[in-house]
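Beneath this line is the structure, given in structure tokens, with notes to follow.
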Amino acid sequence: MSSNDPIRPVAGATPPPEGTGDTEPIKAIRLRHPWRNVFAVALIIVFVLFIIDAAGRPAYDWPAVAQYVFDRRITQAALNTLQLTVYSMVLAIALGVVLAVMRLTPNPVVKSLAWFYLWIFRGTPVYVQLVFWGLISIIYQSIDIGIPFLEPWYSFETNAALNTFTLAIIGLALNEAAYMAEIVRAGLLSVDKGQDEAATALGMSWFQTMSRVVLPQSMRVIIPPTGNEVISMLKTTSLVTAVPYSFDLYTRSRDISAETFNPIPMLIVASIWYLFFTSILMVGQHFLEKRFARGVGDRQPDRKVSTQTGAITGTLPVIGGNQPTVVRPAPGGTPPTPPQPRDSGPVDLGPGDAK
Amino acid sequence: MTDVNTGAGASVTIPPMVLADQVSKSFGSNEVLKGISLEVKRGEVMCLVGPSGSGKSTFLRCINHLEVLSAGRLSVDGELIGYREISGKLYEMAPKEAARQRRDIGMVFQRFNLFPHMTALQNVMEAPMRVKGLPKAQVEQSALGLLARVGLAERADYYPAHLSGGQQQRVAIARALAMEPKLMLFDEPTSALDPELVGEVLDVMKGLAKSGMTMIVVTHEMGFAREVADSLVFMDGGVVVEAGDPDEILTNPQHRRTQAFLSKVL
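Protein chains in written order, with the working numbering: chain A, 764 to 1118; chain B, 177 to 442.
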């Protein structure tokens, strides 16, 4: 619509301005928020005071922290913790997918079995489950493979076959699978039924439909809570002492402090490693999410920003200086934003600050 | 059935592309289709029209077994859909066999149902590669050809979210054509589109009809039906009310329900 358009303005819509179409930018004094600043300064002062105090407090024993953070025993324990996390999460995700599909099948027996699994493993504390796994060789002295009630083909001693590391992984994985099943199920249900139908109509099999169409799309829903679960798992590994497996980060640092009679720096050492791993996992999650957001929800790649209003990008409607002001509702319900004068200084034009 | 004299004296029976005999479908106690019988010949373009809830879409979905019939017989190209008949008894088909039947029947949906995580080109290439197992280079070449045919050659690398509704529906048509179907089903292909985008999709469908494709189109576009269709079927309440030449039905409907419906949409 050009500004010389003879069409009369419709009631309710902003009439196109006469003449050149130049609109007067709003020049208003910004609303001040003095209490925000006061509060922020107070918080910074408290935080800085805490840091200064902690740096000099003898009980933290920073020299001991520095001495032990790269201690061979600690770094080996950190590696063990990472292995426990990765192995049990991989197992849990695989089993979780199977359980989620089981819960979505029309077969009532399969469905109930998956439900029963969830009921047991979500309904009891993971610590209790880990103790149970530690006692497995008392409950089942030997593992037999073969046809029931007949002479087994293979038989081995439970104690010899499963060490505490393996038992810790099994215990953590089986517990986690129950939670992963629910996450995967939510993800599968989030994919539009039309996708399934389109794939079926093309002659794709159930497995192809799942692996090529439904699962990749459900990843967008599955990844964020799974990232949460991985981080949660990293910390839950500190419970494997219940098995008892004693070479993980937490148990190892407790063992060292039992010799040095200086527990606080060892707790800090363990925390530093946990924080280091969670930070890496968060970065990894960010890139995974980006990978699976392909083609969904992102902006046009070639979207250009008007030079007159360089400060406005993204979802806000770009209103050029030479065009008539057409007030359009912005996507996502953001109220329309008036053009920002260039000489108004470096004002951040976030959606919340525009009012 | 059409009898063709082969010159050698023997006559070979060519089955119609689609033969529906008393096709019925119920969802619980709700009877959506109450005995639909019709025949679609090779190369024929049939338009199914009627008010919402008349069972047009359900009937279309029965043809490629997305819905399972409650009663009646439905065959495509002489082959019973969804069942195997051995000495008078019906045996349900394994999913694999049903999938094989669907390969030859292309379907275009009202809401496009493109795979959003794949580009336009990948959408078109997916089924020939995964289902038919054809080599990538060959599939890519024919997929680009199909995209050019629907006027979207330069949009091959766009994700569906970056295409307009009309463009998405044209990609969906190309995706269905990639399997080289002998029959194309269109389920209200223009109903989810802005009015100004309807034309581009109908143009592609017209071109397809001209090329001799057998098509069944559920639509509210009476202009398209008049111009392109060889036959028109008016459905209401799960039954065929009137069927025949589109021009005749649209200008001179015999049944009162057809008259009432057409007076509203024309």
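Built from N, CA and C at the ideal position, the CB exists for glycine as well.
None of the values given here were measured: they were computed from a predicted structure.
> In whole angstroms, what separates the C-alpha of A/Val832 from that of A/Ala1033?
Replying inline: 8 angstroms
> Among B/Val315, B/Arg276 and B/Pro311, which residue has its Cα nearest to the Cα of B/Asn299?
Replying inline: It is B/Val315.
> Mind checking A/Asp816: buried by the 16 CB within 10 Å criterion, or exposed?
Replying inline: exposed
> Out of curiosity, what's the CA-to-CA distance linking B/Ile190 and B/Val199?
Replying inline: 22 angstroms
> What distance in whole Å lies between the Cβ atoms of B/Ala303 and B/Met355, which are believed to be in contact at a cut-off of 8 angstroms?
Replying inline: 5 angstroms
>> I'd like to check one pair, B/Arg279 with A/Gly966: are the Cβ atoms closer than 7 angstroms?
In response: yes
> Would you call A/Phe912 buried or exposed, if buried means 16 or more other Cβ atoms sit within 10 Å of its Cβ?
Replying inline: exposed
> So what's B/Ser340 in DSSP terms, helix, strand or just coil?
Replying inline: coil
> Between the region 382-390 of chain B and the region 213-229 of chain B, do at least 3 Cβ pairs fall closer than 8 angstroms?
Replying inline: yes
> A/Gln980 versus chain B: which residues are under 9 angstroms apart at the beta carbon?
Replying inline: Phe291, Pro292 and His293
>> Do A/Ala1005 and A/Val894 count as a contact pair if the criterion is CB distance below 7 angstroms?
In response: yes
> Is the beta carbon of B/Asn240 less than 7 angstroms from the beta carbon of B/Met193?
Replying inline: No; because the gap between Cβ atoms is not below 7 angstroms, this pair is not in contact.
> CB-CB under 6 angstroms to A/Ala936, same chain, minus the five flanking residues each way: which ones, in chain order?
Replying inline: Ser851, Leu854 and Ala855
>> Pull the bridge partners of B/Val225 from the DSSP assignment, please.
In response: B/Phe410
> What separation, rounded to the nearest whole angstrom, lies between the Cα atoms of B/Arg433 and B/Glu364?
Replying inline: 21 angstroms
> How far does the alpha helix (DSSP H) with B/Thr390 in it reach, from first residue to last?
Replying inline: Where B/Thr390 is concerned, there is no enclosing alpha helix (DSSP H), although the beta strand (DSSP E) it sits in stretches over Thr390 to Val394.
> Can you name the residues that DSSP bridges to B/Ile281?
Replying inline: B/Leu359
>> At the 7 angstroms Cβ level, is B/Met283 part of the contact set with chain A, yes or no?
In response: yes
> Does any residue of chain B bring its CB to less than 7 angstroms from the CB of A/Leu965?
Replying inline: yes
>> By the three-class DSSP mapping on this structure, what secondary structure does A/Val811 have?
In response: Helix, per DSSP.
>> Any beta carbon from chain B within less than 7 angstroms of A/Val889's own beta carbon?
In response: no
> Using a Cβ-Cβ distance under 7 angstroms, would B/Val307 count as near chain A?
Replying inline: yes
> By a C-beta neighbour count over all protein chains shown, 10 Å radius and 16 as the cutoff for buried, is A/Tyr903 buried or exposed?
Replying inline: exposed
> For chain B, is any of its Cβ atoms less than 7 angstroms away from the one on A/Gly950?
Replying inline: no
>> Considering just the uninterrupted stretch of the beta strand (DSSP E) at B/Leu209, what are its terminal residues?
In response: Asn206 to Val216
> Which residues in chain C sit within 7 angstroms of A/Ala961, going by Cβ to Cβ distance?
Replying inline: Annotation note: the requested chain C is absent from the structure, which comprises protein chains A and B.
>> Can you confirm whether the region 837-848 of chain A touches the region 1026-1045 of chain A when touching is taken to mean that 3 or more C-beta pairs between the two stretches lie within less than 8 angstroms?
In response: yes
> Buried or exposed: where does B/Tyr267 fall if 16 or more other Cβ atoms within 10 Å of its Cβ makes it buried?
Replying inline: Exposed: under 16 other Cβ atoms inside 10 Å.
> Does DSSP put B/Gly258 in a helix, in a strand, or in coil?
Replying inline: Coil, per DSSP.
>> My output table needs one value for B/Asp253: the three-state DSSP class, helix, strand or coil.
In response: Looking at B/Asp253 - three-state DSSP - the assignment turns out to be coil, as it is neither helix nor strand.
>> Tell me which residue opens and which closes the beta strand (DSSP E) that A/Ser905 is part of.
In response: Ser905 to Ile908
> Taking C-beta to C-beta, are A/Phe884 and A/Asn938 nearer than 7 angstroms?
Replying inline: yes
>> Let me make sure I understand the geometry here. Which of B/Leu323, B/Lys265, B/Glu403 and B/Thr366 has the alpha-carbon closest to that of B/Lys382?
In response: B/Glu403
>> At the level of alpha carbons, what is the spacing between B/Pro343 and B/Leu328?
In response: The residue asked about is misnamed: residue 343 of chain B is Gln in this sequence, not Pro. If I take the Cα positions, the gap works out to 7 angstroms.
> Among the residues of its own chain, which have a CB less than 8 angstroms from the CB of A/Pro1040, if the five just before and after it don't count?
Replying inline: The amino acid at residue 1040 of chain A is misidentified as Pro; the sequence shows Phe. These residues qualify, in order along the chain: Ala841, Thr844, Leu845, Thr848 and Leu997.
> Does the beta-carbon of A/Thr972 have 16 or more other beta-carbons within 10 angstroms, so that it is buried, or is it exposed?
Replying inline: buried
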